[in-house]
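Q: Our numbering applies: residue 2 is where the sequence shown begins, and numbers increase by one.
This is the structure, below, for whatever I ask next.
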Amino acid sequence: MLIVNGRLVTWEKENRVLDGQAVYIEGERVVEIGSQVEMRDKYPEVEEVDAGGQLVMPGNICAHTHFYGAYARGLAIPGFPPKDFPEILKKLWWPLDKALDEQSVRASALVHLVDAIKHGTTTLFDHHASPNFIEGSLDVIAQALDQSGLRAVLCYEVTDRDGEQKAKLGIQENSAFIRKTANGGVADGRVRATFGLHASLTLSDETLSLCREALGEEGGFHIHVAEHEADEYDSLNKSGMRVVDRLNAHGILGPRTIVAHGVHIDFVEARLLAETGTWLSHQPRSNMNNGVGVAPIESLMRLGINVCLGNDGFTQDMWTEWKTAYLLHKVWHKDPRRMNGLDVVQMGVYNNAALANSFFPGQKLGSLVEGSSADLIFVDYHPFTPLTAGNLPWQILFGFNESMITSTMVAGKFLMRDRKLLTLDEAEIAAQALALAPGVWERYQTYAT
Ligand SMILES: [Zn+2]
Numbered sequence: 002m003l004i005v006n007g008r009l010v011t012w013e014k015e016n017r018v019l020d021g022q023a024v025y026i027e028g029e030r031v032v033e034i035g036s037q038v039e040m041r042d043k044y045p046e047v048e049e050v051d052a053g054g055q056l057v058m059p060g061n062i063c064a065h066t067h068f069y070g071a072y073a074r075g076l077a078i079p080g081f082p083p084k085d086f087p088e089i090l091k092k093l094w095w096p097l098d099k100a101l102d103e104q105s106v107r108a109s110a111l112v113h114l115v116d117a118i119k120h121g122t123t124t125l126f127d128h129h130a131s132p133n134f135i136e137g138s139l140d141v142i143a144q145a146l147d148q149s150g151l152r153a154v155l156c157y158e159v160t161d162r163d164g165e166q167k168a169k170l171g172i173q174e175n176s177a178f179i180r181k182t183a184n185g186g187v188a189d190g191r192v193r194a195t196f197g198l199h200a201s202l203t204l205s206d207e208t209l210s211l212c213r214e215a216l217g218e219e220g221g222f223h224i225h226v227a228e229h230e231a232d233e234y235d236s237l238n239k240s241g242m243r244v245v246d247r248l249n250a251h252g253i254l255g256p257r258t259i260v261a262h263g264v265h266i267d268f269v270e271a272r273l274l275a276e277t278g279t280w281l282s283h284q285p286r287s288n289m290n291n292g293v294g295v296a297p298i299e300s301l302m303r304l305g306i307n308v309c310l311g312n313d314g315f316t317q318d319m320w321t322e323w324k325t326a327y328l329l330h331k332v333w334h335k336d337p338r339r340m341n342g343l344d345v346v347q348m349g350v351y352n353n354a355a356l357a358n359s360f361f362p363g364q365k366l367g368s369l370v371e372g373s374s375a376d377l378i379f380v381d382y383h384p385f386t387p388l389t390a391g392n393l394p395w396q397i398l399f400g401f402n403e404s405m406i407t408s409t410m411v412a413g414k415f416l417m418r419d420r421k422l423l424t425l426d427e428a429e430i431a432a433q434a435l436a437l438a439p440g441v442w443e444r445y446q447t448y449a450t
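The following block contains the structure:
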């Protein structure tokens with residue numbers, strides 16, 4: 002296909018905004034970008050897609066999310082409101098993930114995938130938990146992804162909080178799914194795997210060793226780190242080491258490992274993350290909602306840590322996460338110069354793309370260049386001030402919103418075109434999820450009280 006009449010945003014390291022250019026896509030790839038007049042002459046027989054003056058840009062990437070959390074929406078937490086993050090885990094998330102069965106895992110994932118397609122997030126790193134439905138849970142999510150057409154990296158969060166047997170099942174689920182996806186065998190290679198761990202505070206040394214052993218030499222982990230001080234104190238009590246030091250001692254860190262949050266790590270832990278090339282994902286909306294504090298993200302980036310941006314399952318609209326990061330660090334430091342728009346782009350575009358490309362080698366995700374996978378969005382944004390490659394970050398932060406996304410494409414296939422979903426039926430998915438909700442909430446109440 003030939004995409005014409007679009008303004009192209011390339012998100013190359015020196016970003017470019019191109020007018021009068023067309024994009025020729027063959028199969029899954031962007032094959033050629035060039036003058037629209039010449040491209041029309043060169044490819045006269047090819048189907049044209051008229052972008053109608055919209056921006057055509059790479060789809061967004063989310064470095065950390067939880068598809069399993071959809072049933073938290075509107076849920077009543079019994080008793081007093083949780084006073085801190087450990088209570089939020091005990092009163093909300095741990096009883097809720099126990100309430101999930103096969104059907105509700107599928108429904109929860111599909112609800113998030115609809116959200117992702119509508120809001121232009123084309124690659125997602127999910128972190129799954131359903132302690133009463135572990136075996137085969139990642140296959141259920143992968144089937145939903147296959148149907149949706151999106152791209153994702155999945156894992157199951159291993160934890161000791163539900164006993165040894167379930168920790169072992171979690172290890173097996175990760176190992177089995179890593180094997181299945183190893184050669185691009187799931188969803189035409191659009192679904193990949195990593196090894197999930199909940200957090201240091203729910204993992205014994207024995208379980209960490211078992212996980213390291215199960216993974217073998219290759220691959221990495223996806224784990225929450227120091228989201229709250231409780232994680233650090235628990236680690237010091239258990240091992241005499243802070244969380245990142247403890248994970249390092251178990252061989253958990255490295256250029257294939259993602260640690261989420263890192264709000265309470267100290268300087269030495271930060272240096273360890275930088276030295277080992279470990280990815281750190283920042284989720285400002287979640288941090289604000291849980292009242293856990295603010296990681297010194299700019300300093301961590303200056304130290305050389307590859308800081309990415311995730312959404313922690315809040316909602317799948319990444320520009321809302323950009324805006325939250327942009328605002329949070331300003332109010333936290335009482336300084337409007339903090340968290341420059343370029344820093345947000347470094348996390349949300351370049352670092353997220355580098356992370357995604359380490360799991361999907363050769364795809365050039367996150368950029369619109371010749372040879373990149375055709376993971377694109379059309380954005381119906383008509384600027385009333387000059388839009389340039391230089392000011393695009395601020396046009397996005399102050400002017401864009403995800404409802405302007407009219408079309409979403411992954412691997413050369415439209416998943417939404419002119420706001421019409423083509424792979425998933427939103428009304429049917431919502432109705433199915435809604436029908437299951439009373440059962441999920443009832444089971445939640447029995448675990449929560
Ligand atoms: Zn999380």
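Note that CB positions come from ideal geometry on N, CA and C, so glycine has one too.
Going by beta carbon distance, what residues of the same chain come within less than 8 angstroms of glycine 451, once the five residues before and after it are set aside?
A: No answer is possible for residue 451: it lies beyond the span of the chain, which begins at 2 and ends at 450.
Q: From which residue to which residue does the alpha helix (DSSP H) around histidine 225 run?
A: Here residue 225 refers to the residue found at position 224 when the sequence shown is read from its first residue. It is not in any alpha helix (DSSP H) - histidine 225 instead sits in the beta strand (DSSP E) that spans 222 to 226.
Q: Specify the secondary structure class of asparagine 358 as computed by DSSP and reduced to three states.
A: Counting from one through the sequence shown, the residue named residue 358 turns up at place 357. Assigned with DSSP and collapsed to three states, asparagine 358 falls in helix.
Q: Look up glutamate 218 in the DSSP assignment and say whether it is helix, strand or coil.
A: Sequence index remark: in the sequence shown, residue 218 carries index 217 (1-based). Correct three-state label for glutamate 218: coil.
Q: Using a 10 Å radius around the Cβ and a threshold of 16 neighbouring Cβ atoms, would you call leucine 369 buried or exposed?
A: By 1-based counting over the sequence shown, the position of residue 369 is 368. Buried, by the Cβ-count rule.
Q: Taking only beta-carbon positions, decide if serine 282 is within less than 8 angstroms of chain B.
A: Absence of chain B from the displayed structure is noted, only one protein chain being present.
Q: Can you pull the DSSP bridge partners for threonine 124?
A: By one-based count along the sequence shown, residue 124 stands at place 123. Answer by DSSP bridge pairing, in chain order: Ile62 and Arg152.
Q: Just jot down, in chain order, the residues whose CB lies closer than 6 angstroms to any heavy atom of ligand 1.
A: Cβ atoms closer than 6 angstroms to ligand 1 belong to His65, His67, His128, His225, Ala261 and Asp313.
Q: Would leucine 304 pass as a contact of glutamate 322 if the rule is Cβ separation under 8 angstroms?
A: Taking the sequence shown and counting its residues from 1, the one referred to as residue 304 is at position 303. Taking the sequence shown and counting its residues from 1, the one referred to as residue 322 is at position 321. Contact flag unset, no.
Q: At what residues does the alpha helix (DSSP H) containing lysine 119 begin and finish?
A: One-based indexing of the sequence shown puts residue 119 at position 118. Segment 103 to 119, the alpha helix (DSSP H) holding lysine 119.
Q: Taking all protein chains shown into account, do 16 or more other C-beta atoms lie within 10 angstroms of the C-beta of histidine 120, making it buried, or fewer, making it exposed?
A: Here the question's residue 120 lines up with position 119 in the sequence shown. Histidine 120 should be labelled buried.
Q: Is it the case that the Cβ atoms of isoleucine 172 and valine 159 are separated by a distance below 8 angstroms?
A: The residue given as residue 172 occupies position 171 in the sequence shown. The residue given as residue 159 occupies position 158 in the sequence shown. Cβ atoms of isoleucine 172 and valine 159: closer than 8 angstroms.
Q: When you compare the CB positions of valine 5 and alanine 52, do they come within less than 8 angstroms of one another, or not?
A: Start at 1 with the first residue of the sequence shown, and residue 5 comes out as number 4. Start at 1 with the first residue of the sequence shown, and residue 52 comes out as number 51. In contact: valine 5 and alanine 52 (Cβ atoms closer than 8 angstroms).
Q: Helix, strand or coil for histidine 330, going by three-state DSSP, please let me know.
A: As a first step, residue 330 must be located in the sequence shown, where it is residue number 329. DSSP places histidine 330 in helix when its eight states are reduced to three.
Q: Apply the 10 Å Cβ neighbour rule to valine 38 and answer buried if 16 or more other Cβ atoms are within range, or exposed otherwise.
A: Along the sequence shown, one-based indexing puts residue 38 at 37. Label assigned to valine 38: exposed.
Q: In chain order, what are the residue ranges of uninterrupted alpha helix (DSSP H) at least 4 long that sit wholly in the stretch 280 to 322?
A: For the stretch 280 to 322, whole alpha helix (DSSP H) runs of length 4 or above, ordered along the chain, are 285 to 291 and 298 to 303.
Q: Which same chain residues end up closer than 7 angstroms to phenylalanine 360 when comparing Cβ atoms and leaving out the 5 residues on each side of it in sequence?
A: For the purposes of this step, residue 360 is taken as residue 359 along the sequence shown, with counting starting at 1. Val154 and Arg193.
Q: Cβ atoms of asparagine 291 and isoleucine 89: under 8 angstroms apart, would you say?
A: In the sequence shown, the residue the question calls residue 89 occupies position 88. In the sequence shown, the residue the question calls residue 291 occupies position 290. Taking 8 angstroms as the Cβ cut-off, isoleucine 89 and asparagine 291 qualify as a contacting pair.
Q: Would you tell me roughly how many angstroms separate the C-alpha atoms of aspartate 85 and alanine 188, rounded to the nearest one?
A: Translated into the one-based positions of the sequence shown, residue 85 becomes position 84. Translated into the one-based positions of the sequence shown, residue 188 becomes position 187. Roughly 39 angstroms between the two C-alpha positions.
Q: For the alpha helix (DSSP H) that phenylalanine 86 lies in, which residues bound it at each end?
A: Start at 1 with the first residue of the sequence shown, and residue 86 comes out as number 85. 86 to 89 is the extent of the alpha helix (DSSP H) around phenylalanine 86.
Q: In this structure, how does DSSP classify aspartate 246 when only helix, strand and coil are distinguished?
A: Indexing the sequence shown from 1 puts residue 246 at position 245. Of the three classes helix, strand and coil, the one that applies to aspartate 246 here is helix, per DSSP.
Q: List the residues that DSSP assigns as beta-bridge partners of threonine 409.
A: Within the sequence shown, the letter at position 408 stands for residue 409. Paired residue(s): Ile378 and Met417.
Q: Under the assumption that serine 282 contacts isoleucine 259 (Cβ atoms under 8 angstroms), give the Cβ distance between them as a whole number of angstroms.
A: Within the sequence shown, residue 282 is the residue found at index 281, counting from 1. Within the sequence shown, residue 259 is the residue found at index 258, counting from 1. Sure, about 6 angstroms apart at Cβ, within 8 angstroms.
Q: Bridge partners of glycine 197, per DSSP?
A: Translated into the one-based positions of the sequence shown, residue 197 becomes position 196. Answer is His223.
Q: Classify phenylalanine 315 as buried or exposed, calling it buried when 16 or more other Cβ atoms lie within 10 Å of its own Cβ.
A: Within the sequence shown, numbered from 1, the residue matching residue 315 stands at position 314. Classification of phenylalanine 315: buried, given that the 10 Å Cβ count is 16 or more.
Q: Return helix, strand or coil for isoleucine 78, following the three-state DSSP convention.
A: Here residue 78 refers to the residue found at position 77 of the sequence shown. Coil.
Q: Looking at C-alpha atoms only, which residue of Ser236, Phe401, Trp333 and Arg152 is the closest neighbour of glutamine 364?
A: The sequence position of residue 364 within the sequence shown is 363, counting from 1. Taking the Cα of glutamine 364 as reference, the smallest distance to any Cα among Ser236, Phe401, Trp333 and Arg152 is reached at Arg152.
Q: Do glycine 217 and threonine 195 have their C-beta atoms within less than 8 angstroms of each other?
A: The residue labelled residue 217 in the question sits at position 216 within the sequence shown. The residue labelled residue 195 in the question sits at position 194 within the sequence shown. Going by C-beta atoms, glycine 217 is not nearer than 8 angstroms to threonine 195.
Q: Considering only the alpha carbon of each residue, which of Lys324, Asn184 and Tyr351 lies closest to arginine 339?
A: Locating residue 339 in the sequence shown gives position 338, where the first residue counts as 1. Taking only the C-alpha atoms, the option nearest arginine 339 is Lys324.
Q: For the structure I just gave you, are there three or more beta carbon pairs, one from the stretch 177 to 188 and one from the stretch 225 to 232, closer than 8 angstroms?
A: no
Q: Do glycine 413 and glycine 28 count as a contact pair if the criterion is CB distance below 8 angstroms?
A: Indexing the sequence shown from 1 puts residue 28 at position 27. Indexing the sequence shown from 1 puts residue 413 at position 412. Yes; because the gap between Cβ atoms is below 8 angstroms, this pair is in contact.
Q: Please identify the residue among Val332, Val47 and Thr66 whose C-alpha is closest to the C-alpha of glycine 294.
A: For this step, residue 294 is matched to residue 293 along the sequence shown. Checked all of Val332, Val47 and Thr66; the closest Cα to glycine 294 is Val332.
Q: Using the beta-carbon count (16 or more within 10 Å), is alanine 432 buried or exposed?
A: By 1-based counting over the sequence shown, the position of residue 432 is 431. Under this definition alanine 432 is an exposed residue.
Q: If you drop the 5 nearest sequence neighbours on each side, which residues of the same chain put their C-beta closer than 7 angstroms to that of arginine 418?
A: Position 417 of the sequence shown holds residue 418. Around arginine 418: Ser408.
Q: Please report the Cβ distance between threonine 66 and phenylalanine 126, rounded to the nearest whole angstrom; I am assuming they are in contact, meaning their Cβ atoms lie under 8 angstroms.
A: Taking the first residue of the sequence shown as position 1, residue 66 is located at position 65. Taking the first residue of the sequence shown as position 1, residue 126 is located at position 125. About 7 angstroms separates the two Cβ atoms, so the contact holds.
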